[in-house]
Amino acid sequence: MSNPNTNPIPTPSVTAPDILRCAYAELVVTDLAASRKFYVDVLGLHVTEEDDQQIYLRSFEEFIHHNLVLTQGPVAALKAMAFRVRSNEDVDAAEAYYKELGCRTERRAEGFVKGIGDSVRVEDPLGFPYEFFFETTHVERLHQRYDIYSAGELVRLDHFNQVTPDVPRGRAYLEDLGFHVTEDIQDDKGVTYAAWMHRKGTVHDTALTGGNGPRLHHVAFSTHEKHNIIQICDKMGALRMSDRIERGPGRHGVSNAFYLYILDPDDHRIEIYTQDYYTGDPDNPVITWDVHDNQRRDWWGNPVVPSWYTEASLVLDLDGNPQEVIERTDSSEMAVTVGADGFSYTRPDAEGEDSKGFKLGHQL
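Position 67 of the sequence shown, counting from 1, maps to 66 under numbering that gives the first Met the number 0, and the rest follow consecutively.
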């Protein structure tokens, strides 16, 4: 079906919450034991605590209770993507902000998961389950525990990536919420296919990718160096898990980061990511890429596997039911760049222009 709501999302009159960073994701998995083997035994995330229904995991440098919650459930999906805000007053602000937008909200003083205090979850205007919190249990930061540091160590939660049918609408809403665009992908008609948006001074805390949605495209963890990612590939090969490597390793054009995409036992996509750049200045320029540029997704020009464009995780509403997936009705990036009528380039026909005259990789 077509998107039933393409009207612009209004800007609330109340002040938006002061968001610090992406903090954790809660993923519903259908086999908790299999997921534990993947995230703990293979990827090396550290267990903060666990029981027979949930596992709480954190990265090497994290001091809050967790960056990832695995929750046993009947349908694999995203239950929440959580952002830490500056204070408890910003939790109040988030609740008021989304209520004025007419969104469904739920507030729990005791938190929705262990290790998190007073927080609010919302069904946002794009259909995603967002959470905002400040209070959290502090745990040991493992940043100098070199005795347990693995060759493929995941050191931080870096970002989320969301699939939505209407990227410009979502971009405007997130900019109102206080996110800043670092890079985007457009065509020569000005249609935006994707946007990368940050709060913490890296390329992104979340990104919007055009497609059928709302769905979660991936959750990304960062490593210190490229060689950590190569080790993960070697380890997965040695464990005969190379079929769970979906894409990469490679280097992105957008973000400049070295990347690897892998699939967990429920096909939730996880990106391993390193070496993007600082974006914290208020006048940080936006980089715009041509949708036909062969190097925007992979700097080395490697093709993107079709599943990376088409497959993503369901997201849940506040009752735990999967949100309806709305089809994108205009041209998707996959159709434009790798479809039957698509084309791409590595070098422009003329200096600074592609074959249709679109300016390349320009900064605004």
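For every residue, glycine included, the Cβ atom is placed at its ideal position computed from N, Cα and C.
Item	Value
Whole-Å CB distance - Q322 paired with D329, under 8 Å assumed	So it is not a contact: roughly 21 Å between Cβ atoms.
Spatial neighbours of N211 in its chain, beta-carbon cut-off 6 Å, leaving aside the 5 residues before and after	V324, E326 and R327
Length of the line joining the Cα atoms of P164 and S331	9 Å
Residue range of the alpha helix (DSSP H) that includes N160	Unbroken run through N160 is the beta strand (DSSP E), R155 to T163; no alpha helix (DSSP H).
Contact under 7 Å by Cβ, I184 with W288	yes
Integer-rounded CB distance, given that V28 should sit under 8 Å from D265	5 Å
Three-state secondary structure assigned by DSSP to M80	strand
Exposure of K78, with buried meaning 16 or more beta-carbon neighbours within 10 Å	buried
Distance between L238 and R20 (C-alpha atoms, nearest Å)	34 Å
Those residues which DSSP pairs with T104 across a bridge	V121
Whether A194 touches Y96 by CB criterion (7 Å)	no
Test: R327 CB closer than 7 Å to a CB of chain C	Included in the structure is just one protein chain, with no chain C present.
C-beta atoms of V218 and A92 nearer than 7 Å	no
Beta-carbon proximity of D17 to R85, cut-off 7 Å	yes
Counterpart residues of E152 in DSSP-defined beta bridges	According to DSSP, E152 bridges with nothing at all.
Start-end ranges of the beta strand (DSSP E) lying completely within the region 239 to 325, minimum 3 residues	244 to 250, 257 to 262, 268 to 273, 286 to 289 and 312 to 314
Closest Cα partner of R295 within the set G279, K36 and T345	T345
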